[in-house]
Each structure stands twice: as structure tokens, then as C-alpha cells.
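These notes are about the structure you will find just below.
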């Protein structure tokens, strides 16, 4: 917690005595730290969970080229989750920089989007592209995951996609998206992972 936030909120809340406020301030900002009667271990927070929608990946000389077209898939869950981002395949041939925009939509409305770049070294690795903040996804409604990439090299792509997957007691159902203009569907394509908190 930054000093300003501590001073403006925690120190003025009335929850801490004057001595506790002083001790906490000294604990975080002085070379000689007083003993605190509080747990000082950092919280781990929630661990991100990843659902993998393909059973394998491949590369071919004539597939998954990126020229700003949209790879898209729709999904629904049976429990409330918070989507943090998507995993994407990188280059299958050589090192390349990709420009990327990911979106999460519901009924055509953009709930979150991120524009960034990533460097792919040509290995069969999945790259995590995250939203600024996780987005709540309610159960039993379809959401659309979009990825728009620009880059010169072909990429790996997923195969043997599953229509239903359970990960950490959350069941995902996938269906094709009408927004997909680059070939991604349930059986194959891009967006191999959805990264979420449950």
C-alpha cells in the first residue's frame, strides 16, 4: 500500500490506535522496524486458472496467417467467474512481433479490451494476453472472446477442440462465433486458453 493511501484511508479510519498507526508506518518505511501485532506475510491472492480448449496444436505451411482478421469463439460457464485474459498461439516459423487486440463481449457490447504487442520466438508456446482488470462473467450466458492479430508469420493453431470442458469445477461450453473471420471455431484455430479466476 502506498504511503499516501495509508495516510488518507487506513490511518484515518479509526480502526488503528495512534501507536499502531505509528508502528505500521515505521515498519514499512524505516530501517529499524518495530514488532507488529499483525500478520505481516504478504497475501498470495487468487491464483489464475487456465482452461485449455484444444487437445493438440499443429502448424502447416498454408494456415493461420494474420492480416488484422478476427479469430473468435463464444463460451458460456455454469458458475460465475472473472476472465483475466486469453492465451494465444505465436509464430510457427520464425521470430516475429505481433500487434494484438483482444476483446471480451456480451451481446455485441465490449466489456473489456486490450491492445498490445508480443514477441514470438517460433516455439510452440502459448502467450498470456491480459486485460487491465478481470471481468465478471455470469453463468448460463454466452460471451465472445475475440483476438485480432497483425504479423507477417504463420502461427501454430489448435486442433481437436472440445465443446465442453470442466476446469476447477467450472464447466465451459464453446460454440462458433459469427465474428470469426480468420477460421477459428470450436474444432480448431486460435485462442487456445481462457485465463480466469473462480
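In our numbering, the protein residues as written are 595 to 792. Idealized CB from N, CA, C, for every residue including glycine. Computed from a predicted structure; not experimentally measured.
Under 8 Å Cβ to Cβ from residue i, same chain only, skipping five residues before and after it: list those, please.
i, result
"residue 786", "646, 647, 648, 651, 681, 682, 683, 720, 752"
Spatial neighbours of residue i within its chain, please: CB distance less than 6 Å, with the 5 preceding and 5 following residues excluded, ordered by chain position.
i, result
"residue 769", "668"
"residue 745", "660, 690, 692"
"residue 695", "709, 742"
Rounded to a whole number of angstroms, what is the C-alpha to C-alpha distance between residue i and residue j?
i, j, result
"residue 665", "residue 697", "11 Å"
"residue 783", "residue 705", "23 Å"
"residue 641", "residue 662", "32 Å"
"residue 750", "residue 596", "42 Å"
"residue 759", "residue 767", "7 Å"
"residue 677", "residue 764", "12 Å"
"residue 673", "residue 762", "11 Å"
"residue 644", "residue 702", "24 Å"
"residue 738", "residue 707", "12 Å"
"residue 729", "residue 671", "14 Å"
State buried or exposed for residue i, treating a residue as buried only when at least 16 other CB atoms are found within 10 Å of its CB.
i, result
"residue 636", "exposed"
"residue 624", "exposed"
"residue 699", "buried"
"residue 725", "buried"
"residue 629", "exposed"
Residue i lies in the alpha helix (DSSP H); which residues open and close that run?
i, result
"residue 620", "612–623"
Kindly indicate the opening and closing residues of the beta strand (DSSP E) around residue i.
i, result
"residue 729", "720–731"
"residue 647", "Residue 647 -> no beta strand (DSSP E), and no H or E assigned at all."
"residue 681", "675–683"
"residue 709", "703–714"
"residue 745", "737–745"
"residue 788", "787–791"
DSSP three-state label for residue i, please.
i, result
"residue 690", "strand"
"residue 671", "strand"
I want to check one thing, is the minimum distance from the CB of residue i to the heavy atoms of the ligand PLP below 8 Å?
i, result
"residue 680", "The model on display carries no ligand, and the ligand PLP is accordingly not part of it."
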